[in-house]
Every structure is written in C-alpha cells, then in structure tokens.
Amino acid sequence: MLKPGRRFTLILVMMTLGLAVSVSLHAQETETPAPTETPVFEVGTELTVEALRQLEIEGSDILVEQTLDAGVNYSRYIASYTSDGNKIYGLLTIPFGDPPEGGFKAVVFNHGFIPPATYVTTERYVAYVDALARSGFVVFKIDMRGHGQSEGEPQGSYFSPGYAIDAISALKSLQQIDIVDPDGIGMWGHSMAGNLVLRAMLMEPDVKAGVIWAGAVYSYDDLTRYAISDPSFTPSVSQQFPARRMGQVLREVYGPPNTAEPYWQAVSLTEHIDYLEGPIQLHHARNDDVVNIGYSEDLSAVLAQNGKFHEYYKYDGGGHNISSPYFDEAMRRTIIFFQTYL
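Under the numbering used here, the first residue of the sequence shown carries the number 206, and numbering increases by one thereafter.
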C-alpha cells in the first residue's frame, strides 16, 4: 500500500482537485489446462512458458516520489515500486474524488522501445495516458528496468522475461492500494510490449484484460517469417542488451526460431495459448513499417482457432503509433474494452 503520509497527501489531492476498416470478434468458453512439468534445456529454460508460470512474482509498496501538475480530472505522480529486486519508477495517475465501490479500475501501461539512456518518465505516450486517465482509470506507466531512473539492466522483451516480470510486479503492487479494485486491472502494450502483454497474461491470471497496439513476436515463427524493424530488436552494437546476446546464443544452440524444434515450441506464446484466460484486443495499421501487420493477423487467427475471446481492428493508416486521424478511434475502442472487461 502507499505509505501512510503519502496516502493522506494523495487522498487530499483527490478531494481538492470511425476510421477502422475491419474488425473480428471471437468467443468461446475453454478450460485452463493443468500445468505440465517444466522442460529443461541446455540454455534458455527460464524463457519457457512453463518455467515462467511457476514464478512467484510479488508486489511491493508504491511510493510517491514526486507530485506533478495535475491533469484535467486526475492527479499525476512519479512513483516507484520494487520488481525482482530493482527499484522501478513510473508515471502514476489517479482520478480525482472518492473511488467507486470496489475501487478504481487500473491499467498497467507498457511502453514500446525507447533508447534506455534517453528515456524520460513524463515523455512519450502523453496522449495515450491522458485518454485513459481522463476516462477514470488509475494508470501506471512503468519505466522498464534500466530505463530512466529504474534500476537493473535493459533487456528487451523477446528473449528475456524481465519486462513481463516488471509489469506483473506493477499489477501486484497496484493490488495493494486500497483505492484500486484488485480484480479489475488490465494491461496495455505497444510494439515490443505486445509480446510482454501476451506473455504476462499467460503467466498471471490476475491480468483481467489486455490491449495491444502494433505488437510483435508471439510464436517466434513469426519473427522468422516477418523479421522486425523495431530498434529494440536491432540496435547498434553499443546498445546490445543481455537478452539480445541471449537471442544470439539461442540461435546458435537451437537454430533459427521454428516451433518444429522443442525449444522454440516451449517458448512460443501461441503454442501455449490455452493458458490465456482474459479477453484481448488487437490494433494494427496496415501501413506499419516497423512491425508487420502479419504479427497481429497470425495471432488473431490462433486466438480464433482456439476459441479465445478477442477483438481485432485494422486501420488504413496511422503507422506504427496508429497516429491521427486513426488514434481517436483506436483509443475510443481501447477505453470501451477496458470499461467492459475490467
């Protein structure tokens, strides 16, 4: 929970202060499979879905580090929590006024690739966070490990579980705040964080709903098929992350991603889609020149084939960020989805 002095300050502040071209929806009830024995591989076992599902990820107190200028109807703070032994910072927004019965619904907001050394908590995704915060959600836009002031090494999303652990730790920390509904927390992710959001939903059933904009790398076969122009995957040599080096090692040991191989099957998110319990919403622009829309096409097909409820929206423009004039419609759908399923 928030520290007593901080909580009083927080409550005082609160008291005083049509462009998409297609959509597909699918739903069917399925049973969550029983966990299976964790396979052991020469290297990379920690990235397998079964190993990730056995992790016991904890939350912590959320500390207010700095009070920022308020939004139209919400307070803004730089806040911190602990994840995997690292102090992680983020932008926390909380609606003005008393929480509804049961608490505010909340969204853990996961950013795409931004060079860690130049990352600033209050920059980027300003309009995205503002739209969700204005709509009455508690929003926690977390700075992944190694970004800005956050401790730890930046790792990327595709070959390390670190960012997914940070996101789940943020969710567990939000659950400890008495103004948040512990059973009403979802995740939003962009670009590399699409992989993060789906992975987190397979790991942690408390992620009640997920929204992904322009996401990538779900089966690892898709990485071989579509490649990627995301700098989080292909940075300069000076920006090499430990997980990227791990990606190179995995290719040397197991060959290029191919789910016909046992290891790549064990780490594939789509090969374990039966573990998905919550609804998921996908957005992608056809003219995305960073992440091929094929990633979302393939994920939508897998979700449909396995009877998993999802919505999938495609846009004629907007690029990788689904920018104006498509942004407003994509965000409207995002807000409605969270309002409906959290």
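Beta carbons are placed, not taken as given, at the ideal position from N, Cα and C, and that holds for glycine.
Just so you know, these numbers come straight off a predicted model, no measurement behind them.
With residue i as the anchor, note down where its alpha helix (DSSP H) starts and where it stops.
i, result
"Ile-427", "Checking the displayed sequence, the identity of residue 427 turns out to be Asp instead of Ile. 426-431 is the extent of the alpha helix (DSSP H) around Asp-427."
"Tyr-324", "Counting along the chain, Tyr-324 falls outside any alpha helix (DSSP H), and DSSP gives it neither H nor E."
"Glu-251", "Glu-251 -> no alpha helix (DSSP H), and no H or E assigned at all."
"Met-478", "It should be noted that the sequence gives Ile, not Met, for residue 478. Run containing Ile-478: none; DSSP gives neither H nor E here."
Does the ligand ATP have a heavy atom nearer than 6 angstroms to the CB of residue i?
i, result
"Arg-538", "This structure lacks the ligand ATP; in fact it carries no ligand of any kind."
Taking the beta strand (DSSP E) that residue i belongs to, which residues open and close that run?
i, result
"Ile-283", "279-288"
"Thr-298", "291-300"
"Ile-485", "485-490"
"Pro-387", "385-395"
"Glu-516", "515-520"
"Ala-311", "309-315"
Under the assumption that residue i contacts residue j (Cβ atoms under 8 angstroms), give the Cβ distance between them as a whole number of angstroms.
i, j, result
"Val-334", "Phe-314", "6 angstroms"
"Ile-540", "Leu-508", "No, Ile-540 and Leu-508 are not in contact; Cβ-Cβ is about 21 angstroms, not under 8 angstroms."
"Glu-516", "Phe-542", "7 angstroms"
"Asp-348", "Ile-382", "Not quite, the Cβ-Cβ distance comes to about 19 angstroms (not below 8 angstroms), so this is no contact."
"Leu-337", "Val-344", "5 angstroms"
"Tyr-518", "Ala-535", "7 angstroms"
Leaving out five residues before and five after residue i in sequence, what residues of the same chain have Cβ atoms less than 7 angstroms from its Cβ?
i, result
"Ile-373", "Ile-262, Ala-405, Met-408 and Glu-409"
"Val-454", "Val-248"
"Glu-251", "Pro-366"
Quick check on residue i: buried or exposed, where buried means 16 or more other Cβ atoms within 10 Å of its Cβ?
i, result
"Pro-461", "exposed"
"Pro-300", "buried"
"Ala-465", "exposed"
"Gly-523", "buried"
Closest to residue i by C-alpha separation, out of the options, would be which residue?
i, options, result
"His-477", "Lys-513, Ser-288, Gln-486 and Gly-357", "Lys-513"
"Phe-309", "Gly-452, Glu-328 and Gly-341", "Gly-341"
"His-525", "Ala-421, Gly-295, Ser-285 and Val-385", "Ala-421"
"Thr-475", "Val-254, Glu-534, Asp-521 and Tyr-282", "Val-254"
"Thr-298", "Ile-283, Val-402, Tyr-459 and Pro-304", "Ile-283"
"Gly-394", "Val-312, Ala-432 and Ile-433", "Val-312"
What residues in its chain sit with their C-beta under 8 angstroms from that of residue i, if we drop five residues either side in the sequence?
i, result
"Gln-380", "Gly-264, Pro-387, Ile-390 and Asp-411"
"Arg-350", "Ser-288, Asp-289, Asn-291, Ile-293, Glu-356, Gly-357, Glu-358, Pro-359, Gln-360, Gly-367, Tyr-368 and Asp-371"
"Arg-554", "The structure shown has nothing for residue 554, since the chain only spans 206 to 547."
For residue i, collect the residues of the same chain with a Cβ closer than 6 angstroms to its Cβ; drop the 5 residues on either side in sequence, then sort them by chain order.
i, result
"Asp-427", "Tyr-500 and Asp-503"
"Pro-321", "Gly-351, His-352 and Pro-359"
"Val-402", "Met-392, Gly-394, Gly-415 and Ile-417"
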